[in-house]
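Read the structure below first, then the notes.
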Amino acid sequence: MIFVSVGFHNQGFERLIKKMDEIAGKIDEKVIMQIGHTNYTPKNAEFFRFKDSDEDIKYLCHEARVVVTHGGMSIMTALEQGTPVVAVPRLKKYGEHTNDHQIDIINQLIKENKITAVYDVDQIEDKLNNAGTILDAISMNNGQIVSFLRNWIQKLVL
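Just so we're aligned, residue 1411 is where the sequence shown starts under our numbering, counting upward by one.
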């Protein structure tokens, strides 16, 4: 199963949701999407806007083969569950965020071999097939790594 999460940002992420819905219509794998404030309604995937509990999101991240998400805190939730991440930054030029700080977060996590990044949504499908290989050297049970990354990301956002 592929889990897609756009987080709780007050703007939609049409670009990601539309592309993942297109992919969901072509592959033989279940796709579940958390679409938040996105206006586009998926046709080929299960979806919901928000869950009442963070535990529901953690469960979906844990059960997924790969999590496709924006460049925010959803990355940490997936990494905490030991699930490979394909991250697509929300970009200012598309009106998805007020600035491009998600690129900085994603670039740092790439340097640390923690995620796979996609800057052009047309590359997502290729990246989905290879997701997971970069996590072999990382112990996701190490709370110190997760704590460090969570603090680092919060500093970048502020």
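A virtual CB, placed ideally from N, CA and C, is assigned to each residue, including glycine.
Item	Value
Cα-Cα separation between VAL1441 and ASP1466, rounded to whole angstroms	16 Å
Cutoff 6 Å; reference GLU1535; Cβ partners in own chain excluding five residues on either side	ILE1433
Best match in ASP1532, THR1508, LEU1489 and ASP1431 for proximity to ASN1454 [C-alpha to C-alpha]	ASP1431
Completely contained beta strand (DSSP E) runs for the stretch 1460 to 1497, where each covers 3 or more residues	1476 to 1479 and 1495 to 1497
Proximity of PRO1499 and GLN1512 at Cβ, strictly below 7 Å	yes
Buried versus exposed, by CB contacts within 10 Å (16 or more), PHE1460	exposed
For MET1414, the residue or residues it bridges with in DSSP	Looking at the sequence shown, residue 1414 is not Met but Val. According to DSSP, which records beta bridges pairwise, VAL1414 is partnered with MET1443 and VAL1478.
Buried/exposed call for MET1411, threshold 16 Cβ in 10 Å	exposed
Alpha-carbon spacing of PHE1418 relative to HIS1447, whole angstroms	8 Å
Three-state secondary structure (DSSP) of ALA1434	helix
GLU1522 - DSSP class collapsed to helix/strand/coil	coil
C-alpha gap between ILE1516 and ALA1527, whole angstroms	7 Å
From LYS1436, GLY1492 and LEU1501, residue whose alpha carbon lies closest to that of ALA1474	GLY1492
Span of the alpha helix (DSSP H), counted from its first residue to its last, around GLU1535	1534 to 1540
Boundaries of the beta strand (DSSP E) in which PHE1423 is found, first to last residue	Where PHE1423 is concerned, there is no enclosing beta strand (DSSP E), given that its DSSP letter is neither H nor E.
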